[in-house]
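What follows is a short report on a single structure.
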Amino acid sequence: MYERGELILITALILSLILLNIFKVSVYIQILVYLTLLLPYIFKKLKEYLEEEEMENNFPIFLRDLAQYLEIGQPLPVALKSIKENNYGKRLNYEIRKMLSEMEFGLTFIEAFERVAKRTKSEKIKKTIYSIIEAERYGGDIKGLLENLSRSLEELIEIKKERISKLKNFMLVYYGIFISFLISIVLIIYFIKRFFGEFTTPELLKQFKTVTYVLIFLNAVFTGLVIGKVSTGKAISGITHSIILVVLSSLVMYLI
């Protein structure tokens, strides 16, 4: 299912595509228009991803702090109030305050915690929350469970960090492949100008540069997304790499 914002964006892109082609606007202007429409959405998604990432990293600390208050005899709702002033990052702090606010309006701890699970997109946090809810609902060693879940999440975070560290060489390989592709395009254009200049018209050369720029632009975007997918498991994390490659390729194509 598409969100409302995504449907508006898709509609705007389709209308822009139709209108820009009707009025025969240059490819460069078309790309600029599409970027203007897409960038706010992309940065919104990137912001959400970074907030989720921060929440995942701080969730083990949150669970460990809850366990410490359970150890001195506080039930979960009271323990949650006791840690509300702690700093767990913007997103998790917001969720804690929202939970407490919902509980003040009559929701139980379980109901408020279930809403957190529904709001988050992190599968790790969802599974962790539902494990705690099950233990709270049917009885069990909540303190021990929180400590075990905290350790498990920390181990997963460390594994992820090690994976990213090991894949740095692959990231460099992707950058190298893209730069090699960019250099080959520059050399082709240079040789066409130098050795076949008298056989090609300026208009034909301009069309060739336009086509190659579109190919390079698409290559830059998708190479960045692939780097993100390979390094973190999520393509959205590669947006920064895409932007770097797009800027680099645009500068090179502008200078030749």
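Numbering (this note's numbering), first residue to last: 183 to 438. Every residue, glycine too, gets a C-beta built ideally from N, C-alpha and C.
1. For Thr382, count neighbouring C-beta atoms within 10 Å of its own C-beta (all shown protein chains included) and say buried if the count is 16 or more, exposed if not.
2. Check whether the region 332-345 touches the region 371-380, counting contact only when three or more Cβ pairs, one atom from each stretch, lie closer than 8 angstroms.
3. Give the secondary structure of Leu258 by DSSP, where H, G and I count as helix, E and B as strand, and everything else as coil.
4. Leaving out five residues on either side along the sequence, give the residues of the same chain with a beta carbon under 8 angstroms from the beta carbon of Arg301.
5. On the three-state DSSP scale, how would you describe Phe295?
6. Exposed or buried, Phe295, counting other C-beta atoms within 10 Å across all chains shown (16 or more means buried)?
7. For Phe378, name the three-state secondary structure that DSSP assigns.
8. Using a threshold of 8 angstroms, state whether the C-beta atoms of Leu338 and Lys303 are closer than that.
9. Express the C-alpha separation of Phe291 and Leu258 in angstroms, rounding to a whole number.
10. Residues in its own chain within less than 6 angstroms of Ala261 by CB, not counting five upstream and five downstream?
11. Measuring straight from C-alpha to C-alpha, what distance separates Lys350 and Gly410?
12. Please classify Tyr356: does DSSP put it in a helix, a strand, or coil?
13. Near Val328, which residues of its chain fall below 6 angstroms by C-beta distance, leaving aside the five closest residues on each side in sequence?
14. Could you tell me the distance, in whole angstroms, from the CA atom of Tyr184 to the CA atom of Tyr223?
15. Who are the Cβ neighbours of Leu433 in its own chain at under 8 angstroms, not counting the five residues just before and after it?
16. Helix, strand or coil for Lys303 per DSSP?
17. Output needed for Ser313: all residues of its chain with C-beta closer than 6 angstroms, excluding positions within five of it in sequence on either side, in chain order.
18. In angstroms, rounded to a whole number, what distance separates the CA positions of Ser332 and Glu340?
19. Can you tell me the Cα-Cα spacing of Ile425 and Thr405, whole angstroms?
20. Taking contact to mean at least 3 C-beta pairs separated by less than 8 angstroms, is the region 381-399 in contact with the region 410-421?
21. Output yes or no for whether 8 angstroms exceeds the beta carbon distance between Leu427 and Phe360.
22. Drop a sphere of 10 angstroms on the beta-carbon of Tyr320, count the other beta-carbons inside from all chains shown, and report buried for 16 or more, exposed for fewer.
23. Are there 16 or more other CB atoms within 10 angstroms of the CB of Thr310, so buried, or fewer, so exposed?
24. Would you give the residue range spanned by the alpha helix (DSSP H) that Ile425 belongs to?
25. DSSP three-state call for Gly326: helix, strand or coil?
26. Rounded to whole angstroms, what's the CA-CA distance from Asn275 to Leu228? Just pull it up for me.
27. Considering only the alpha carbon of each residue, which of Asn401, Ile370, Tyr216 and Ala402 lies closest to Phe390?
This is what the structure holds:
1. exposed
2. no
3. helix
4. Glu277
5. helix
6. buried
7. coil
8. no
9. 8 angstroms
10. Leu248, Tyr251 and Leu252
11. 11 angstroms
12. helix
13. According to the sequence displayed, residue 328 carries Leu and not Val. Here the set comprises Leu245, Leu248 and Ala249.
14. Any reading at Tyr184 must be qualified, since the residue scores a pLDDT of 46, below 50, and its modelled position is unreliable; no value is offered.
15. none
16. coil
17. none
18. 12 angstroms
19. 10 angstroms
20. no
21. yes
22. exposed
23. buried
24. Ile421 to Leu437
25. helix
26. 19 angstroms
27. Ile370
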